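Enquirer:
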Amino acid sequence: MQYALLIAGDHEPTPEELAMGCGGWSEEMAARGVVRGGAGLRPPAESTTVRVRDGQVLLTDGPFADTKEQIGGLVLIECADLDEAVEIAARHPAAGYGMIEIRPLFQP
Numbered sequence: 009m010q011y012a013l014l015i016a017g018d019h020e021p022t023p024e025e026l027a028m029g030c031g032g033w034s035e036e037m038a039a040r041g042v043v044r045g046g047a048g049l050r051p052p053a054e055s056t057t058v059r060v061r062d063g064q065v066l067l068t069d070g071p072f073a074d075t076k077e078q079i080g081g082l083v084l085i086e087c088a089d090l091d092e093a094v095e096i097a098a099r100h101p102a103a104g105y106g107m108i109e110i111r112p113l114f115q116p
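Per this note's numbering, residue 9 is the first one in the sequence shown, and the count goes up by one each step.
1. According to DSSP, is residue 113 helix, strand or coil?
2. What are the complete beta strand (DSSP E) segments, minimum 3 residues, inside the segment 73-110?
3. Between which two residues does the beta strand (DSSP E) holding residue 47 run?
4. Taking the beta carbon of residue 37 as the centre, do at least 16 other beta carbons fall within 10 Å, making it buried, or is it exposed?
5. Nearest to residue 31 by CA position, among 54, 111 and 102, is which residue?
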């Protein structure tokens, strides 16, 4: 089963959190063979939201949702089931200072 791990937080990472990176998580998950892709995202202030209404393209600077918690990265994983996805997400350092939402992907 494939899942997206949406990594979010309510603050910009501290220099210490940035220096820690994923604390060996990426290497461990690569060794397990579960990571299929992913990346960190640039700050929400650099985002653009696109909507099409009545044939008009509407652009808004900034994220689609004006909330404190913003998605800062995503990881695509493939594992046996939701239980394993939870175990993988819980091991990510960001789970200790932010949150990780697990979303199953539609299968082809």
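Idealized CB from N, CA, C, for every residue including glycine. Given the structure is predicted, the values throughout are model-derived calculations rather than measurements.
Expert: The relevant details are as follows:
1. Three-state result, residue 113: coil.
2. 78-86
3. 43-48
4. buried
5. 102
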